[in-house]
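Colleague:
Protein chains in written order, with our numbering: chain A, 488 to 757; chain B, 488 to 757.
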């Protein structure tokens, strides 16, 4: 087991109890509304897979299907290795609470630090004003913070032109971006699995408040992030038939695109 | 079983042989290079899941991890239902050949025809010249057609400004788009699973010829496609560390975005 060095590491720590089986405890501190945040849960699953796939320290791709809402308390991650390769290994993982299957997932792990240094990107880093010009999650009203205790776990500084929804004036563009850091530690490939699903649903910016349940989320971790603040941006381009896709990008302090994710989610009921 | 009405339907047909287990036969006609095309394999897996998840006729989301290259001949799809819900059902599926696991996948099915008619999209339909201005796959040189027999299964009319790679002049932009139709039938949600992975690798347009093995591919089917020609476009924005993401969109003849996919693949070895 990795020695915990921060609140986040403590919270995602799992304990092996049987072959491929790990106990976890989902802290109420990561709840939002009635459930536990899906990005945090991806971190817990990722933590178990990191133990199981020894020698492959980093998630490269993780695909999770969310079947029911997780609640604070005991949980279990059950893993099954599908293929141990030279560079990459692939496994299935399921998050259970009692007899309820919460998430079923597939993942490929490897060692991102061994990849080549070639970078050829046409993706553009999100433009964010200086941090002191952005709107901090710490300024959220008391009732919002009570509804989303997870907001105490990180600093999130919103682009001031993309936070109108917080005062009833959504931009209608379907885009939210923010500076981001965990409270007490630098990012690593595993924490990026959580980072891609911590922004408020992009539907807020379309004037649709409320919980947007994830059906499926796939995250690709593209590089080991440099220490420091991250830029996180997500957006949707197609809301239809009660569903929307949400594409998220995470850029590190060195200006590198370190994670990409897409999720398919349900439009909030209004 | 669905009665086959076209070559594609014939080719993806599976036969139930045990609880959740389906035999398939992978036709050499869908090979490209030494292996069977990954999009076609997704159609085979999708076909088995459609049998298994009776009452949920359409794939909504499918995530596949490609573990080894499939070859022509006998194969088996082994499925396991994870959750049968009212509107959506989720299952795991694996494609085996002998004792070799080729693909492990997760999928959610539903009935896309029951979804609401709301569409709110900022995605823009790919611009393609009229079909008689595009470059047909039927004009490919004999040795290319011999290497990729699957090209006989469909019509693919390439954007003339994105086909320079075929004559040694890749644009360097990392984008390929084309008109598309199966030879003898209209598209449906299941055939879209194949459609998202039939274009040549987008790395061709970056001047990197060769096979680009898929690590992971997730496809979201967003609507039942209208009959007629499809527009298919894929692109990459970030090639780094020997991997690249490839985002594909499929638009139907009614101008609707009917499928989105993203895959993480390895850069071809040169």
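A virtual CB, placed ideally from N, CA and C, is assigned to each residue, including glycine. Since the model is a prediction, treat every value here as computed from it, not as a measurement.
#1: So if DSSP puts residue 548/B in a beta bridge, which residue, or which two residues, is it bridged to?
#2: List, in chain order, every chain A residue whose beta-carbon is nearer than 7 Å to that of residue 609/B.
#3: Measuring only the C-alpha atoms, how far is residue 670/A from residue 492/B?
#4: Can you list, in chain order, the residues of its chain whose CB lies under 6 Å from that of residue 738/B, leaving out five sequence neighbours each side?
#5: List, in chain order, every chain A residue whose beta-carbon is nearer than 9 Å to that of residue 670/B.
#6: With DSSP collapsed to three states, give me the class of residue 725/B.
#7: Just the Cα atoms here: how many angstroms apart are residue 696/A and residue 690/A?
#8: Strictly under 8 Å for the Cβ-Cβ distance: is residue 584/A near chain B by that measure?
#9: Can you find the residues in the same chain that come closer than 6 Å, C-beta to C-beta, to residue 548/A, ignoring five residues on each side of it along the sequence?
#10: Taking the alpha-carbon positions, what's the residue 530/B to residue 618/A distance?
#11: Between which two residues does the beta strand (DSSP E) containing residue 658/A stretch?
#12: Identify each residue in the segment 698-728 of chain B for which the Cβ-Cβ distance to at least one residue of chain A is less than 7 Å, and report them in chain order.
#13: Can you tell me whether residue 597/B is buried or exposed, with buried defined as 16 or more other CB within 10 angstroms of its CB?
#14: Name the residues in the segment 600-633 of chain A whose C-beta lies less than 7 Å from a C-beta of chain B; which are they?
#15: Tell me, to the nearest whole angstrom, how far the beta carbon of residue 622/A is from that of residue 650/A; I am working on the premise that it is less than 8 Å.
#16: Let's test the definition: count the other Cβ atoms within 10 Å of the Cβ of residue 488/A and tell me whether it reaches 16, buried, or not, exposed.
#17: Measuring only between beta-carbons, confirm whether residue 539/B sits less than 8 Å from chain A.
#18: Sorted by chain position, which residues of the same chain lie with C-beta nearer than 8 Å to residue 755/A's C-beta, five sequence neighbours on each side aside?
#19: Cα-Cα, which of 521/A, 527/A, 507/A is closest to residue 538/A?
#20: Counting only Cβ pairs nearer than 8 Å, list the residues of chain B close to residue 588/A.
#21: Could you list which residues in chain A have their beta carbon closer than 9 Å to that of residue 732/B, in chain order?
#22: Can you name the start and end residues of the beta strand (DSSP E) that residue 535/A belongs to?
#23: Note down, in chain order, every chain A residue with its Cβ under 7 Å from the Cβ of residue 552/B.
#24: Using C-beta distances below 6 Å, list every residue in its chain close to residue 624/B, excluding the 5 sequence neighbours before and after it, in chain order.
#25: Going along the chain, which residues of its own chain have a beta-carbon closer than 7 Å to the beta-carbon of residue 502/B, five neighbours each way excluded?
#26: Can you check whether the CB of residue 578/B is closer than 8 Å to the CB of residue 608/A?
#27: Give the single residue among 495/B, 599/B, 550/B whose Cα lies nearest to the Cα of residue 438/B.
#28: Give the secondary structure of residue 494/A by DSSP, where H, G and I count as helix, E and B as strand, and everything else as coil.
#29: Tell me the residue span of the alpha helix (DSSP H) that contains residue 631/B.
#30: Could you give the distance in angstroms between the alpha-carbon of residue 722/B and the alpha-carbon of residue 505/A?
#31: Out of 668/B, 551/B, 647/B, point me to the one whose CA is closest to residue 620/B's CA.
#32: If the cut is a Cβ gap below 9 Å, which residues of chain B does residue 751/A touch?
#33: For a test of the three-state rule: what should DSSP assign to residue 748/A, helix, strand or coil?
#34: At a CB-CB cut-off below 9 Å, which residues of chain B make contact with residue 456/A?
#35: Do residue 593/A and residue 550/B have their CB atoms nearer than 8 Å?
Modeller: This is what the structure holds:
#1: According to DSSP, which records beta bridges pairwise, residue 548/B is partnered with 595/B, 707/B.
#2: 661, 724
#3: 59 Å
#4: Closer than 6 Å at Cβ, skipping near neighbours: 612, 718, 744.
#5: Within chain A, no residue comes near residue 670/B; the closest Cβ sits about 29 Å away, beyond 9 Å.
#6: strand
#7: 7 Å
#8: no
#9: 595, 707
#10: 47 Å
#11: For residue 658/A, no beta strand (DSSP E) segment is defined, and its DSSP state is neither H nor E.
#12: 702, 703, 705, 707, 709, 710, 724, 725, 726, 727, 728
#13: Classification for residue 597/B: buried.
#14: Going along the segment 600-633 of chain A in chain order, one finds 602, 603, 605, 606, 607, 608, 609, 610 with a Cβ nearer than 7 Å to chain B.
#15: 5 Å
#16: Any reading at residue 488/A must be qualified, since the residue scores a pLDDT of 47, below 50, and its modelled position is unreliable; the value itself is stated next. Its Cβ having fewer than 16 others within 10 Å, residue 488/A is exposed.
#17: no
#18: 688, 690, 695, 696, 697, 698, 699
#19: 507/A
#20: 569, 570
#21: The contacting residues are 707, 709, 747.
#22: From DSSP, residue 535/A is part of no beta strand (DSSP E) but of the alpha helix (DSSP H) over 525-539.
#23: 577, 593, 595
#24: So the list reads 638, 643, once near-sequence residues are dropped.
#25: 509, 510
#26: no
#27: An answer regarding residue 438/B cannot be provided, because it is not within the stretch 488 to 757 covered by chain B.
#28: helix
#29: 629-634
#30: 44 Å
#31: 647/B
#32: Correct list: 547, 548, 595, 705, 707, 709, 747.
#33: strand
#34: Outside the displayed range of chain A (488 to 757) lies residue 456/A, so it cannot be described from this structure.
#35: yes
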